[in-house]
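Undergrad:
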Amino acid sequence: MATAGAAAATVIAPEKASAEALARVDFPQNRLANISDLAVNEPMDIAYPDADSPGVLLKLGQAVEGGVGPDGDVVAFSVLCPHKGWMLSYSAADKTLNCPGHHSRFDCETGGQQTWGHATQNLPQFMLSVDEKGDIYANGVDDLIYGRLSNVL
Amino acid sequence: MAFKRQVDRLPIIPADAKEHNVTCHYCIVGCGYKAYTWPIQTQGHSAPDGNKFGVDLSEQQPMETEAWYAPSMYNVVRQNGQDVHLVVMPDVNCVVNSGLGSIRGARMAENRPSRVTGTQQQRLSDPLVWRNGVWQPTSWDDALDLVARVTARVITEGSEDDLVVSMFDHGGSAGGYENTWATGKLYFESMKVKNARIHNRPAYNSEVHSTRDMGIGELNYSYSDYEVTDTIFMVGANSMETQTNLYLNHMVPGFRNGAKFIAVDPRRTITIASSEQYAGKDNVLHLAIKEGTDMALFNAILTHIVDNGWVDADFIANSTFQGGVATAEDEAHPASLGSLDHAMATCRTSLEQAAEICGVDAADIAKAAEWIAKPKDDGSARKCVTAYEKGIIWGNDNYRTIGALVNIALATGNVGREGSGICRLGGHQEGYYRPSDAHVGRPAEYVDQFLIRGLGGVHHIWACDHYKTTINASEFKRVHKRRSDMVKAAIDEAAGGTREQVVDAIVSAINAGGLFVVDVDIIHSQIGQNAHVVLPACESNEMNLTSMNGERRLRLSERYMDPYGNSKPDCLIAAGIAQNMERVLRAIGQDAYADQFKGYDWASEEDAFMDGYNKGNPEVTYERLRAMGNNGVQEPVVGFADGKLVGTERLYADGTFDRHGRDDKKALFCAAGWRGWQAPGKAREQASHRFWINNVRANIFWQNQFLDQKNDFIQDRYPHPFVEMHPDDMVELGLNPGDLLEIVNDNGVTQGMAYPMPTLKRDTVAMVFGAPAGSQGNVVNPGVNELVLPDYKHCWGSIRKIADATAQTRSISFKAHEAVL
Numbered sequence: 021m022a023t024a025g026a027a028a029a030t031v032i033a034p035e036k037a038s039a040e041a042l043a044r045v046d047f048p049q050n051r052l053a054n055i056s057d058l059a060v061n062e063p064m065d066i067a068y069p070d071a072d073s074p075g076v077l078l079k080l081g082q083a084v085e086g087g088v089g090p091d092g093d094v095v096a097f098s099v100l101c102p103h104k105g106w107m108l109s110y111s112a113a114d115k116t117l118n119c120p121g122h123h124s125r126f127d128c129e130t131g132g133q134q135t136w137g138h139a140t141q142n143l144p145q146f147m148l149s150v151d152e153k154g155d156i157y158a159n160g161v162d163d164l165i166y167g168r169l170s171n172v173l
Numbered sequence: 013m014a015f016k017r018q019v020d021r022l023p024i025i026p027a028d029a030k031e032h033n034v035t036c037h038y039c040i041v042g043c044g045y046k047a048y049t050w051p052i053q054t055q056g057h058s059a060p061d062g063n064k065f066g067v068d069l070s071e072q073q074p075m076e077t078e079a080w081y082a083p084s085m086y087n088v089v090r091q092n093g094q095d096v097h098l099v100v101m102p103d104v105n106c107v108v109n110s111g112l113g114s115i116r117g118a119r120m121a122e123n124r125p126s127r128v129t130g131t132q133q134q135r136l137s138d139p140l141v142w143r144n145g146v147w148q149p150t151s152w153d154d155a156l157d158l159v160a161r162v163t164a165r166v167i168t169e170g171s172e173d174d175l176v177v178s179m180f181d182h183g184g185s186a187g188g189y190e191n192t193w194a195t196g197k198l199y200f201e202s203m204k205v206k207n208a209r210i211h212n213r214p215a216y217n218s219e220v221h222s223t224r225d226m227g228i229g230e231l232n233y234s235y236s237d238y239e240v241t242d243t244i245f246m247v248g249a250n251s252m253e254t255q256t257n258l259y260l261n262h263m264v265p266g267f268r269n270g271a272k273f274i275a276v277d278p279r280r281t282i283t284i285a286s287s288e289q290y291a292g293k294d295n296v297l298h299l300a301i302k303e304g305t306d307m308a309l310f311n312a313i314l315t316h317i318v319d320n321g322w323v324d325a326d327f328i329a330n331s332t333f334q335g336g337v338a339t340a341e342d343e344a345h346p347a348s349l350g351s352l353d354h355a356m357a358t359c360r361t362s363l364e365q366a367a368e369i370c371g372v373d374a375a376d377i378a379k380a381a382e383w384i385a386k387p388k389d390d391g392s393a394r395k396c397v398t399a400y401e402k403g404i405i406w407g408n409d410n411y412r413t414i415g416a417l418v419n420i421a422l423a424t425g426n427v428g429r430e431g432s433g434i435c436r437l438g439g440h441q442e443g444y445y446r447p448s449d450a451h452v453g454r455p456a457e458y459v460d461q462f463l464i465r466g467l468g469g470v471h472h473i474w475a476c477d478h479y480k481t482t483i484n485a486s487e488f489k490r491v492h493k494r495r496s497d498m499v500k501a502a503i504d505e506a507a508g509g510t511r512e513q514v515v516d517a518i519v520s521a522i523n524a525g526g527l528f529v530v531d532v533d534i535i536h537s538q539i540g541q542n543a544h545v546v547l548p549a550c551e552s553n554e555m556n557l558t559s560m561n562g563e564r565r566l567r568l569s570e571r572y573m574d575p576y577g578n579s580k581p582d583c584l585i586a587a588g589i590a591q592n593m594e595r596v597l598r599a600i601g602q603d604a605y606a607d608q609f610k611g612y613d614w615a616s617e618e619d620a621f622m623d624g625y626n627k628g629n630p631e632v633t634y635e636r637l638r639a640m641g642n643n644g645v646q647e648p649v650v651g652f653a654d655g656k657l658v659g660t661e662r663l664y665a666d667g668t669f670d671r672h673g674r675d676d677k678k679a680l681f682c683a684a685g686w687r688g689w690q691a692p693g694k695a696r697e698q699a700s701h702r703f704w705i706n707n708v709r710a711n712i713f714w715q716n717q718f719l720d721q722k723n724d725f726i727q728d729r730y731p732h733p734f735v736e737m738h739p740d741d742m743v744e745l746g747l748n749p750g751d752l753l754e755i756v757n758d759n760g761v762t763q764g765m766a767y768p769m770p771t772l773k774r775d776t777v778a779m780v781f782g783a784p785a786g787s788q789g790n791v792v793n794p795g796v797n798e799l800v801l802p803d804y805k806h807c808w809g810s811i812r813k814i815a816d817a818t819a820q821t822r823s824i825s826f827k828a829h830e831a832v833l
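Chains A and B, in that order, give the protein sequences. What the first sequence shows, in our numbering, is residues 21 to 173, in sequence order. What the second sequence shows, in our numbering, is residues 13 to 833, in sequence order.
1) When DSSP labels each residue in this structure, what does B:CYS39 get in the three-state scheme?
2) Short check: CB of B:ASN711 to CB of B:ILE115, under 8 Å?
3) So who's on the other strand from A:VAL45, going by DSSP bridges?
4) Counting pairs of beta carbons, one from the region 191-203 of chain B and one from the region 634-649 of chain B, are three or more of them closer than 8 Å?
5) For A:ASN171 and B:ASP20, which I take to be in contact (beta-carbon distance under 8 Å), what is that distance rounded to the nearest angstrom?
6) The beta strand (DSSP E) with B:ALA47 in it runs from where to where?
7) Where does the unbroken alpha helix (DSSP H) through B:GLU288 begin, and where does it stop?
8) Looking at chain B, is there any beta carbon in it that lies within less than 8 Å of the beta carbon of A:GLU85?
9) For the region 727-738 of chain B against the region 48-66 of chain B, do three or more pairs of beta-carbon atoms, one drawn from each stretch, fall closer than 8 Å, so that the two count as touching?
10) Tell me where the beta strand (DSSP E) around A:PRO74 begins and ends.
11) Whole angstroms are fine: how far does the CA of A:VAL150 sit from the CA of B:PRO83?
12) Closer than 7 Å by C-beta to A:VAL31: which residues in its own chain qualify, once you throw out the five before and the five after it? Chain order, please.
13) Pull up the distance between the alpha-carbon of B:LYS677 and that of B:GLY336, whole angstroms please.
14) Relative to the C-alpha of B:GLN513, which candidate in B:VAL162, B:ASP138, B:THR35, B:PRO139 has its C-alpha closest?
15) Within the 8 Å Cβ cut-off, does A:GLU40 reach chain B?
16) Within the continuous beta strand (DSSP E) that includes B:TRP474, where are the two ends?
17) Where does B:LYS580 fall in DSSP's three states?
18) Between B:LEU198 and B:ASN217, what straight-line distance do the alpha-carbon atoms span, to the nearest angstrom?
19) Would the beta-carbon of B:ALA475 fall within 8 Å of that of B:VAL499?
20) Against A:ASN118, what residues of chain B qualify as contacts under a CB-to-CB distance less than 8 Å, listed in chain order?
21) To which residues does DSSP link B:GLU31 through a beta bridge?
22) Can you find a CB in chain A that lies within less than 8 Å of the CB of B:MET75?
23) What is the DSSP secondary structure of B:ALA399, counted as helix, strand or coil?
24) Comparing C-alpha positions only, which one of B:ASN261, B:ASP277, B:HIS345, B:ALA615 sits nearest to B:ARG454?
25) For the beta strand (DSSP E) containing B:ASN707, list its first residue and its last residue.
26) On the criterion of 16 or more Cβ atoms from any shown chain inside 10 Å, does A:GLN49 qualify as buried, or is it exposed?
27) Can you give me the Cβ contacts of B:ALA543 inside the same chain, cut-off strictly under 6 Å, excluding the 5 residues immediately before and after it?
28) Using a Cβ-Cβ cut-off of less than 9 Å, list which residues of the region 126-151 of chain A approach chain B; keep chain order.
29) Mapping DSSP to helix, strand and coil, what is B:MET101?
30) For my contact list, A:ASN142 and A:ASP155 are in at a C-beta cut-off of 8 Å; report their separation, rounded to the angstrom.
31) Mind checking if B:LYS493 is an interface residue toward chain A, Cβ cutoff 8 Å exclusive?
32) As an exercise, report each continuous alpha helix (DSSP H) stretch of at least 4 residues that is fully enclosed by the region 510-596 of chain B, in chain order.
33) Using three-state DSSP, classify B:GLN820 as helix, strand or coil.
34) Mapping DSSP to helix, strand and coil, what is B:GLN608?
35) Where do the N-terminal and C-terminal ends of the beta strand (DSSP E) with B:MET246 fall, by residue?
36) What in chain B is Cβ-close to A:PRO90, meaning under 8 Å?
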């Protein structure tokens, strides 16, 4: 959807538009943890892109598409349900995030696909990278986080 | 890897954005939404004075906030010829949904056609005519002239019985009072077309004859009744998926107020699982009966209630018929109707008999009867809302089964009172206002078989796709294609001829067994591939549209965007056909016949509304409905006072019943005699195949996916129709999750994708109904009841693997659907 240009168009002078009408907002690069901090299938609470956007960092134990780290199994997601913003809880038994409000659920092994539920989007996933020291960084988000009309406030 | 929109911000709705009332045009519940539009070059800003919500949008908003919308709620559309921003989001002030959006309705904006964002480019923009071997876009005048010339020739050289019509009868996107009136006026007033059928079944008939014959209209309660009842008794329905916000916003509050839940369904549904969470397991009773045995269960529950004296004796004495038989069993009535005593003589069934037939414990049947009707410790009566849908409507022995269920509500006085009701849950919204259909007859013609037998010469189709939504679909498709191909070949051979020569060629082909097909739809559908003329319609909100929901709540859903391309409201297309019929008939000297097509000089959908619904309901106008907003008014409207329409919260509050038209206004009981499989061929098919092929719905799809088939979020989740199976059955058949399979029986073949579902019984599968990539109707036999109600639900087949999972199916989630909390 061509939303980015519209967001900036009214406030920016023409000569600056090409520089500032970004394709995507500028996401911060935040250190979340080190690989050594993670245990398989034990969720770690994180926040990204800021403290008001809670998320979860997971080492799934099995490589998944989009997973990072030496085993290709580290992923991170927003834990605000994109239906009505309830806080999701992690089920280690089947590696899903579940909503106590209206029972939507998201599969952490398929990029946050909504396995069943009411949300009209899959779960926003935090894009990760890992440096040579094993530090895990979040660099972006692939869909809109609940409760904010810009992922970076 | 799951589909992501890669949207990281959305334009902010400015404080002065235009606001429009919207009723979701998908399911029966009709959730209230607000549409906001504003000029493309502007937006609001995050300070409280700069946006519609008056809050600081530079901060994270809390859960359940009014001030957030998802990317699916945004689009860029045309309004009065200009591109505008559009947000369609749930209305927190609508009593139906209180700000909740479903996975269907909360995608309304994204499912609008937009040349800017590229959404729904499958929408038809211009009339198409089969010419030169392809569909050629053309003008309305050209297309309607051909429709009228061929139709007029066929019905004047033969009769109106040679015109077959398939048409929606519902509210919501394609229907509404405007469009049902216009089509009804054309086919039932200007003409008397007898060979008509409805969008989802092969005849023009009620889905719930028996409750009406018993005196009780099928939508008699208010949704608020769920909030104050003692027991919710749900049969053959899965409301968490298919009436989502009725469940979440009205049934769940009922559970929180202490209501118990009884579910009758062979399958453990999401509704049952969620109800255990909301009500507590001890307050949920799942009667997982053998498929098709509902009537025996209801009869046993009724017997147990009667024998224990848990009936409402005053209600029975004052409001129900007392003198034995009131209506005898005959060709039009598959059971006799009359007093409770009369019905009991037939219905009497012991707990043990029912347990044997239904395959559930007698103690559980007794428990259900207690939860429905056993007086409380203080002696006061329990209140019970009974709700049912396709599990029995499209089930075994429709007439008697629904009658047996209504018997329970009548015997316990659970209708017309707060916290009660005996209602179908519904699929689409309702919006039926048409001239009398009495000439159609009862039983009505089985129109699919009429076409299969080679009868009829012209087929007008309005927003129906029988390729996906009929029984015996394999045979229907073969014959419909063969007959319409004869006409296509005749048109091709007449290429270069004059209009008269082409019409002659078409009529010759029809006389040789061909079928001329006119398809009115918003997309070029599967059955539309057989059409010779395709007429583009628009949807709700591209026009103003009135409908009522499952508690008879009437709203005006306002136009906020232009019809796509040159498409038009169905009511104005019907008017165009009528005007062309008048002209063509006059030209061939049929003046008297031509005069029957006068009275369609409508400039807008509001004119059609005033010509139809308003004539029967003079208090109701667009202006007054607009003022009633998203809460509207519950039908019937009984007055206008203090600037407001006055409605009716629930029907039959005075204990009199009139849906059957009886002067005594007494409700009737149904002598529902159990007779096993009612429809021909079912018992033999069951004995011949391992798997029961249960057709089911899913919250993610709206009906036959006519828009969702081009929605990436939806198709990413289920790239093929799901066929849920017990994992052990999959192992036995060598199937892995995502493998493609086919289901085969004597009726035909269909295909889908294996999805493991541990909660299913062995040797049953749950296949999604109406999917474009695999029609479940292909394998359903032609069996119907005496009044031509289809038994879609009972179908058995063999399953074999077609192929390993594709790269696409391999990457989706195959986990169980129940939340783990």
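Beta carbons: idealized from backbone N, C-alpha and C, even for Gly.
TA: According to the structure shown:
1) Within the second sequence, the letter at position 27 stands for residue 39 of chain B. If DSSP states are grouped into helix, strand and coil, B:CYS39 belongs with the strands.
2) Here residue 711 of chain B refers to the residue found at position 699 of the second sequence. Here residue 115 of chain B refers to the residue found at position 103 of the second sequence. Yes, these two residues count as a Cβ contact at 8 Å.
3) As a position in the first sequence, residue 45 of chain A is number 25, starting the count at 1. Paired residues: none, contrary to the question.
4) no
5) Counting from one through the first sequence, the residue named residue 171 of chain A turns up at place 151. Counting from one through the second sequence, the residue named residue 20 of chain B turns up at place 8. Their Cβ separation, rounded to whole angstroms, is 4 Å, which keeps A:ASN171 and B:ASP20 in contact under 8 Å.
6) Translated into positions along the second sequence, residue 47 of chain B becomes position 35. First-last of the beta strand (DSSP E) with B:ALA47: 44-51.
7) Counted from its first residue, the second sequence places residue 288 of chain B at position 276. First-last of the alpha helix (DSSP H) with B:GLU288: 282-291.
8) Numbered from its first residue, the first sequence carries residue 85 of chain A at position 65. True, the Cβ-Cβ gap to chain B drops below 8 Å.
9) no
10) Counting from one through the first sequence, the residue named residue 74 of chain A turns up at place 54. Counting along the chain, the beta strand (DSSP E) containing A:PRO74 begins and ends at 74-79.
11) As a first step, residue 83 of chain B must be located in the second sequence, where it is residue number 71. As a first step, residue 150 of chain A must be located in the first sequence, where it is residue number 130. Straight-line Cα distance between these residues: approximately 30 Å.
12) Counting from one through the first sequence, the residue named residue 31 of chain A turns up at place 11. Its pLDDT being 41, under 50, A:VAL31 is placed unreliably in this model, and the value from its coordinates should be taken loosely. There are no such residues.
13) Position 665 of the second sequence holds residue 677 of chain B. Position 324 of the second sequence holds residue 336 of chain B. Computed Cα separation, rounded: 16 Å.
14) What you label residue 513 of chain B is simply residue 501 of the second sequence in a count that begins at 1. Considering only alpha carbons, the answer is B:VAL162.
15) The residue labelled residue 40 of chain A in the question sits at position 20 within the first sequence. Model confidence at A:GLU40 stands at a pLDDT of 48, short of 50, so the residue's coordinates are unreliable and nothing is read from them.
16) Residue mapping note: residue 474 of chain B aligns to position 462 of the second sequence, counting from 1. Run containing B:TRP474: 470-474, per the beta strand (DSSP E) assignment.
17) For the purposes of this step, residue 580 of chain B is taken as the residue at position 568 of the second sequence. Looking at B:LYS580 - three-state DSSP - the assignment turns out to be strand.
18) Counting from 1 along the second sequence, the entry for residue 198 of chain B is found at position 186. Counting from 1 along the second sequence, the entry for residue 217 of chain B is found at position 205. Rounded to whole angstroms, B:LEU198 to B:ASN217 spans 18 Å at the Cα level.
19) As a position in the second sequence, residue 475 of chain B is number 463, starting the count at 1. As a position in the second sequence, residue 499 of chain B is number 487, starting the count at 1. No, the Cβ-Cβ distance between B:ALA475 and B:VAL499 is not below 8 Å.
20) As a working note, residue 118 of chain A is residue 98 in the first sequence. Per Cβ cutoff of 8 Å: ALA831, VAL832, LEU833.
21) Along the second sequence, one-based indexing puts residue 31 of chain B at 19. Per DSSP, B:TYR48.
22) Counting from 1 along the second sequence, the entry for residue 75 of chain B is found at position 63. Chain A contact via Cβ: present.
23) In the second sequence, counting from the first residue as 1, residue 399 of chain B sits at position 387. Three-state result, B:ALA399: strand.
24) If you number the second sequence from 1, residue 454 of chain B lands on position 442. That would be B:HIS345, whose Cα lies nearest to the Cα of B:ARG454.
25) Within the second sequence, numbered from 1, the residue matching residue 707 of chain B stands at position 695. Looking at the DSSP string, the run of the beta strand (DSSP E) that includes B:ASN707 is 703-708.
26) Taking the first sequence and counting its residues from 1, the one referred to as residue 49 of chain A is at position 29. When all chains shown are included, A:GLN49 counts as exposed.
27) Counted from its first residue, the second sequence places residue 543 of chain B at position 531. VAL529, ASP531, listed in sequence order.
28) PHE126, ASP127, GLU129, THR130, GLY131, GLY132, GLN133, GLN134, THR135, TRP136, GLY137, HIS138, ALA139, THR140, GLN141, ASN142, LEU143, PRO144, GLN145
29) By 1-based counting over the second sequence, the position of residue 101 of chain B is 89. Three-state DSSP puts B:MET101 in a strand.
30) Residue 142 of chain A sits at position 122 when you count from the first residue of the first sequence. Residue 155 of chain A sits at position 135 when you count from the first residue of the first sequence. Contact flag wrong, Cβ pair sits at about 27 Å.
31) Start at 1 with the first residue of the second sequence, and residue 493 of chain B comes out as number 481. Not closer than 8 Å to any Cβ of chain A, the Cβ of B:LYS493 fails to qualify, so no.
32) 511-523
33) Within the second sequence, numbered from 1, the residue matching residue 820 of chain B stands at position 808. In the structure shown, B:GLN820 sits in a helix (DSSP, three-state: H, G or I).
34) Position 596 of the second sequence, counting from 1, holds the residue named residue 608 of chain B. Correct three-state label for B:GLN608: coil.
35) Position 234 of the second sequence, counting from 1, holds the residue named residue 246 of chain B. Here the beta strand (DSSP E) through B:MET246 covers 243-247.
36) Residue numbering aside, residue 90 of chain A sits at position 70 when the first sequence is read from its first letter. By Cβ distance, chain B contributes nothing, its closest Cβ being about 20 Å from A:PRO90, past 8 Å.
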